[in-house]
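>
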Amino acid sequence: MIEAHTWEPRRKHSDILTTHDMIAGTRRKFFNKKLTVIIIWVLAVLLLICIYTPANTWRVGGKDNSTRANTRKEDEEKGEDDVRDDGEKDDEPQQQAVDVNHKDPTQHAGVHQKSQHNSSPAFKEVNPSQNQAQGGVKIERNKKSAEDVGTRFNVLLLSSMGRSGSSFVGGLLRSQPGVFYFFEPLHRLGNSGLITPQTAIQELQGIFTCNISDVLLKGFRKEPKFTIRHNYIHTCGKDCFKPKQLNQACRSEPIRVVKTIRTRLSWLLPLLNDSSSRVKVIHLVRDPRGALISAWKIKWTISSSVSCCDIRKDLYSGKDILQVFPNRYLAVRYEDLCSDPWGMARLIFNFLGYQTLPPSTVAFVKSYTSHGNPERTFGIKRNTHSMQQKWRGDITEAELKKIETTCNSTIIDIGFNLFHNLDAARNLSLPLYIDSKTNQFFPNSTVH
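Counting in the UniProt record's numbering, the sequence shown runs from 1 upward without gaps.
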């Protein structure tokens, strides 16, 4: 009887598992299991971080408040040189809490003259006499920012010429919560001779609507920390000036502030007529004798006749704008700001719609107006009282005659006296302001 045998293929030598193969396989399984456990632990830790990290840490800009303060402090220590514009360094302090028991050193001065400008509908109008009766700056720790109340607006700080304190006023405006600040965004266009009324308004409209043009972005890339004054610039890495990222960061704040000395007021009508711009204009003017002496001191090539012509044209345009847009235009004299920084700060922020100065703005005024080095050419820390008429001790006879000859009508229109000779200019008992002329165009907080 023949037995049936089941045929089995002969196994190759390579198919036979050796002891070495079995050990290697066991090691791989152990390694894969360990790697899986590590991945699970990492994901769990990341999940816990996301759950327990405050929401504001994940904003565009990416740092919490303490880190933001440290970053801005580092900016101050670096000392960015803004000599290419109006020669005033941007070294504003970080926003900080203020002792609510602190009393304003000018609290008894109050606001003696009410501004003719009304507040925007989104805010309650402030009666300055109420602040006077209550004494000084009223500080509310729970004061809501524009972002909290759902209000978004833009501010254009326009100075008729450089060396007029625009960097200081820009720092004052930047001190309010929720600001994305653009410092001289048109300066490269101006230096290249490419600014026209149409291009200026087109670029400003792009900034105010957070649709920044490629032309401006090209200039921003060449000087990364010159124009963008926001924590975003320190956290954006290599993507700072990609349109999508920068525009998103711009939209993350409820307020955009642009400071410029390269735009004329007569150009602004299309911007003011465009409802999407939601812009308020602060027009800063300084006695041309002080501004020109400051500019010539740092070797600027600047013409007294051209500068004063620009100032006077802006004054005329400002009066026209005030008639049509009384709630969106404010003229400010540098000298009034030096004379009473607290009162003028209240007036400016009242114009913007605030009932009281934000605590961060109170801290700014305290820190940046009571002391400073007058010999430091590029900086905004100043003893403002000493700076108001400093030019009267610096000007020469020839400079005085040249400026007062070419700028006499402009000086008078601003509301200042002519001195005609050096002895009169040096005599500080002779008043700077024209007492007999009430200048309603410049609302001020003090009686001179």
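From the three backbone atoms N, C-alpha and C, an ideal C-beta is built for every residue, glycine too.
Model, not experiment: these values are computed from the prediction.
Quick test of your reading: phenylalanine 182 and isoleucine 228, contact by CB under 8 Å. State the CB separation rounded to the nearest angstrom.
Indeed, because the Cβ distance is near 7 Å, the residues count as touching under 8 Å.
> Going by DSSP, what residue range makes up the alpha helix (DSSP H) through residue 452?
There is no way to answer for residue 452, as the model of the chain reaches only from 1 to 448.
> Could you give the C-beta distance for leucine 156 and threonine 361, rounded to a whole number, given that I count them as a contact under 8 Å?
In fact, because the Cβ distance is near 19 Å, the residues do not count as touching under 8 Å.
> Helix or strand or just coil, what does DSSP make of phenylalanine 153?
Three-state result, phenylalanine 153: strand.
> Kindly list the residues whose CB is nearer than 6 Å to the CB of arginine 286, restricted to its own chain and excluding five residues on each side of it in sequence; keep chain order.
Correct list, in chain order: Ser164, Tyr334.
> Comparing alpha-carbon positions, which option in Gln245, Asp394, Thr410, Pro443 lies nearest residue 449?
Any question about residue 449 goes unanswered here, given that the chain covers just 1 to 448.
> Scan the segment 317 to 378 and note each continuous alpha helix (DSSP H) run of 4 residues or more that stays entirely inside, going in chain order.
For the segment 317 to 378, whole alpha helix (DSSP H) runs of length 4 or above, ordered along the chain, are 334 to 339, 341 to 352, 359 to 369.
> Consult DSSP for phenylalanine 208 and reduce its assignment to one of helix, strand or coil.
In this structure, phenylalanine 208 counts as helix in the three-state DSSP scheme.
> Whole angstroms is fine: what's the gap from lysine 337's alpha carbon to alanine 345's?
Note on residue identity: the sequence assigns leucine, not lysine, to residue 337. The alpha-carbon atoms of leucine 337 and alanine 345 are separated by roughly 8 Å.
> Have a look at threonine 301 and glycine 206 and give me their C-alpha separation to the nearest angstrom.
Distance between the alpha carbons of threonine 301 and glycine 206: 31 Å.
> Which value, in whole angstroms, describes the spacing of the CA atoms of serine 276 and arginine 289?
Approximately 38 Å, taken between the alpha carbons.
> According to DSSP, is phenylalanine 182 helix, strand or coil?
Strand, per DSSP.
> With respect to the beta strand (DSSP E) encompassing leucine 284, which residues constitute its N-terminal and C-terminal limits?
It spans 279 to 285 - the beta strand (DSSP E) in which leucine 284 sits, taken as one unbroken run.
> Can you tell me where the beta strand (DSSP E) holding lysine 238 begins and where it ends?
Element bounds for lysine 238: n/a, residue is neither H nor E.
> Determine which residues share a DSSP beta bridge with serine 159 and list them.
For serine 159, which the question treats as bridged, DSSP gives the partners Leu284.
> On a CA-only basis, which of Phe168, Asn421, Gly415 is nearest isoleucine 434? Give me that one, please.
Here the closest residue by C-alpha is Gly415.
> When burial is assigned at 16 or more other CB atoms within 10 Å of the CB, is glycine 193 buried or exposed?
Answer is exposed; the Cβ neighbour count stays below 16.
> I'd like to know if the segment 315 to 325 and the segment 256 to 271 are in contact, where contact means that at least 3 CB-CB pairs between them fall below 8 Å.
A contact exists between the segment 315 to 325 and the segment 256 to 271.
> Using 10 angstroms around the beta-carbon of tryptophan 391, count the other beta-carbons present and answer buried if the total reaches 16, otherwise exposed.
When all chains shown are included, tryptophan 391 counts as buried.
> Start and end of the beta strand (DSSP E) containing arginine 256?
From DSSP, the beta strand (DSSP E) with arginine 256 extends over 255 to 260.
> Distance, Cα to Cα, phenylalanine 442 vs leucine 47?
Roughly 57 Å separates the two Cα atoms.
> Please state whether DSSP places lysine 144 in a helix, a strand or coil.
Note that lysine 144 scores 43 on pLDDT, short of 50, meaning its location in the model is unreliable and no value can be drawn from it.
> Report the CB separation of histidine 283 from valine 332 in whole angstroms; it is logged as a contact under 8 Å.
Going by Cβ atoms, the distance from histidine 283 to valine 332 rounds to 7 Å, so yes, they are a contact pair.
> At the level of alpha carbons, what is the spacing between residue 470 and valine 45?
The structure shown does not extend to residue 470, since the chain is modelled only from 1 through 448, so no value can be given for it.
> Could you tell me whether the Cβ of serine 175 comes closer than 8 Å to any Cβ of chain C?
Absence of chain C from the displayed structure is noted, only one protein chain being present.
> Quick one: measure Cβ to Cβ for arginine 152 and arginine 264, integer angstroms, because I've assumed they're closer than 8 Å.
In fact, because the Cβ distance is near 26 Å, the residues do not count as touching under 8 Å.
> Rounding to the nearest angstrom, what Cα-Cα distance links leucine 422 and phenylalanine 364 in this structure?
Between leucine 422 and phenylalanine 364, the C-alpha separation is close to 36 Å.
> Could you check how far apart the C-beta atoms of cysteine 240 and proline 224 are, in whole angstroms? I think they sit under 8 Å.
Contact flag correct, Cβ pair sits at about 6 Å.
> Can you round the beta-carbon distance between serine 304 and isoleucine 403 to whole angstroms, since I take them to be within the 8 Å contact cut?
With a Cβ gap of about 5 Å, serine 304 and isoleucine 403 count as contacting.
> Reducing DSSP to helix, strand and coil, say where isoleucine 195 ends up.
If DSSP states are grouped into helix, strand and coil, isoleucine 195 belongs with coil.
> Looking only at its chain, what residues have a beta carbon closer than 7 Å to the beta carbon of lysine 401, apart from the 5 residues adjacent to it on each side?
No residues qualify anywhere along the chain.
> Applying the criterion that 16 or more other CB atoms from any shown protein chain within 10 Å of the CB defines a buried residue, is glutamine 176 buried or exposed?
Classification of glutamine 176: buried, given that the 10 Å Cβ count is 16 or more.
> Can you give the Cα-Cα distance for cysteine 210 and proline 358, rounded to whole angstroms?
Near 25 Å, if we compare the C-alpha coordinates of proline 358 and cysteine 210.
> So, arginine 188 versus glycine 237, is the Cβ gap smaller than 8 Å?
Not a contact, by the Cβ cut-off of 8 Å.
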